[in-house]
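Under the numbering used here, the letters of the sequence shown match residues 147 to 325, in that order. For reference, the structure is listed below as structure tokens.
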Amino acid sequence: LDHVVELGHSPDGVWAVVRTRRGEISVWDGGSGVRLRGFVAPGAGPVAVSPDAKRILAGIDHGTAAALIDAETGRTLQRLEVGPGGVASVAFFPDGKSVAVGTRRGVVRVWHAPESGAAPHDIAVGSATVAALGFASDGRTLLAAGDGAGAWDAAAGTPGARWEGVPARLCAVRAAADG
């Protein structure tokens, strides 16, 4: 196995998704550690697994875009153009119908029902790389971290809490089960 640089997992923990330095995305059995399948995604970046474990969201083409990928076949279902700033982080909404992509320019690009061809909307969350994304249990509150951290209404794009005193360059964010 080449150097692993990104890791995701199915919500039930049955399998893991890894992205290697060479751009291979592979799916592994979480219990046995056996590689189930792999596919090449040139210039692959961060990865996330949909709540139903049927799709993978990955940065591709060295950060210029993201792709929804069928987790079983490796086929690209939808290419999502990110624009300036490139892909730094990715996340599925808890309902699995929408996705968020954090950029290196402090913007989160949100696609609601991306496979329908719906246009994305942008949420300005800071001035630097959006290194991590997550969602609160309500399914609407987007958590973003990078040059600080905060919460935003993902549908409306309006800011919520900005957490003061959070260290700069935060690399991960998660919500407690109760929100």
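Cβ atoms here follow ideal geometry from the backbone N, Cα and C, with glycine treated the same way.
Counting along the chain, the unbroken beta strand (DSSP E) around P305 starts and ends at T304 to W309. Following the DSSP letters along the chain, one finds D216 inside the beta strand (DSSP E) bounded by residues A211 to D216. If you keep only unbroken beta strand (DSSP E) runs of at least 3 residues inside the region 224-254, you get 233-238 and 244-249. Assigned with DSSP and collapsed to three states, D175 falls in strand. When secondary structure is reduced to three states using DSSP, D207 falls in the helix class. Sorting T304, I215, G189 and G294 by C-alpha distance to the C-alpha of I206 places G189 at the top.
The beta carbon of T287 sits closer than 6 Å to those of A297, all from its chain and outside the five residues before and after it, given in chain order.
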